[in-house]
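In my numbering, the protein residues as written are 1 to 132. Beta carbons are placed, not taken as given, at the ideal position from N, Cα and C, and that holds for glycine. Here's the structure we're looking at; comments come further down.
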Amino acid sequence: MNIIKKTALYFARTKYCRQAIAERADLSAMREKPTTKMMIGLGLVAFSYVIGLPAVIAMGILAVWLREPLVGIIGGPLIYAISTIIFIVGIKMAGKRYFHVFSRWLVRVVLEKILGEDIRAVCAPGRDDSCP
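Structure representation (structure tokens):
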């Protein structure tokens with residue numbers, strides 16, 4: 001058994017992974033209508049991408065055009081920091097529920113792909129220590 005499969009087997013035995021596998025975690029919770037808070041959060045995440053790298057590039061072009069290197073040296077990282085803060089706030093507003101649903105689904109799918117038929121050994125019916 002290779003190291004990737006051994007590592008996947010180790011993680012598959014944890015409570016979080018066993019539950020995700022046993023409950024056949026899926027993305028059905030994302031079909032529900034998102035709340036206003038989630039929509040604002042997703043909007044902030046999208047906005048952070050719009051002002052992130054393009055604004056840093058624009059600052060660099062502006063610094064060259066004005067022949068003022070401080071515009072690029074100070075302005076670039078400053079606008080990128082502001083973009084990062086907006087991204088974090090957006091994730092905080094929108095992400096907790098979606099992140100949890102997506103993480104459980106991703107864990108299940110990745111472990112099933114890596115382990116294949118060995119996934120049944122982790123979550124076998126009839127074993128007391130396998131799945132809840």
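Applying the 10 Å Cβ sphere with the 16-neighbour rule, what's the burial state of residue i?
{"i": "GLY72", "result": "buried"}
{"i": "SER28", "result": "exposed"}
{"i": "SER120", "result": "What sits at residue 120 in the sequence shown is Arg, not Ser. Under this definition ARG120 is an exposed residue."}
To the nearest angstrom, how far is it from the Cα of residue i to the Cα of residue j?
{"i": "ALA22", "j": "VAL122", "result": "10 Å"}
{"i": "ILE137", "j": "VAL89", "result": "Since the first and last residues shown for the chain are 1 and 132, residue 137 lies out of range."}
{"i": "MET112", "j": "GLY75", "result": "Here residue 112 turns out to be Glu, not Met, going by the sequence shown. C-alpha separation (whole angstroms): 46 Å."}
{"i": "ARG97", "j": "ILE3", "result": "32 Å"}
{"i": "GLY116", "j": "ALA12", "result": "12 Å"}
{"i": "VAL101", "j": "LEU66", "result": "48 Å"}
{"i": "LYS6", "j": "GLU68", "result": "55 Å"}
{"i": "ILE17", "j": "GLU32", "result": "Going by the sequence as given, residue 17 is Cys instead of Ile. One C-alpha to the other measures close to 24 Å."}
{"i": "THR14", "j": "MET59", "result": "47 Å"}
By Cβ distance below 8 Å, which residues in the same chain neighbour residue i in space, the five residues on each side in sequence not counted?
{"i": "LEU70", "result": "ALA63"}
{"i": "ASP118", "result": "LYS5 and LEU9"}
{"i": "TRP105", "result": "ALA20, ALA25, ASP26 and LEU27"}
Leaving out the 5 sequence neighbours to the left and right, which residues in its chain are closer than 7 Å to residue i when beta-carbon positions are compared?
{"i": "ILE40", "result": "MET93"}
{"i": "VAL56", "result": "GLY76, ILE79 and TYR80"}
{"i": "ASP129", "result": "Because ASP129 carries a pLDDT of 49, less than 50, the predicted location of this residue cannot be relied on, and the following value inherits that uncertainty. Cβ neighbours of ASP129 beyond the five flanking positions: none."}
Going by beta carbon distance, what residues of the same chain come within less than 6 Å of residue i, once the five residues before and after it are set aside?
{"i": "ARG108", "result": "ALA20, ILE21 and ALA25"}
{"i": "LEU42", "result": "ALA94"}
Residue i lies in the alpha helix (DSSP H); which residues open and close that run?
{"i": "ALA13", "result": "Note that residue 13 is Arg in the sequence shown here, rather than Ala. That residue, ARG13, is in no alpha helix (DSSP H); it is neither H nor E in DSSP."}
{"i": "GLU112", "result": "69-115"}
{"i": "LEU53", "result": "53-66"}
{"i": "ALA25", "result": "Premise fails: ALA25 is in no alpha helix (DSSP H) and is neither H nor E."}
{"i": "ARG120", "result": "119-122"}
If I'm right that residue i touches residue j with Cβ under 8 Å, what's the distance once you round it to whole angstroms?
{"i": "LEU44", "j": "ILE86", "result": "5 Å"}
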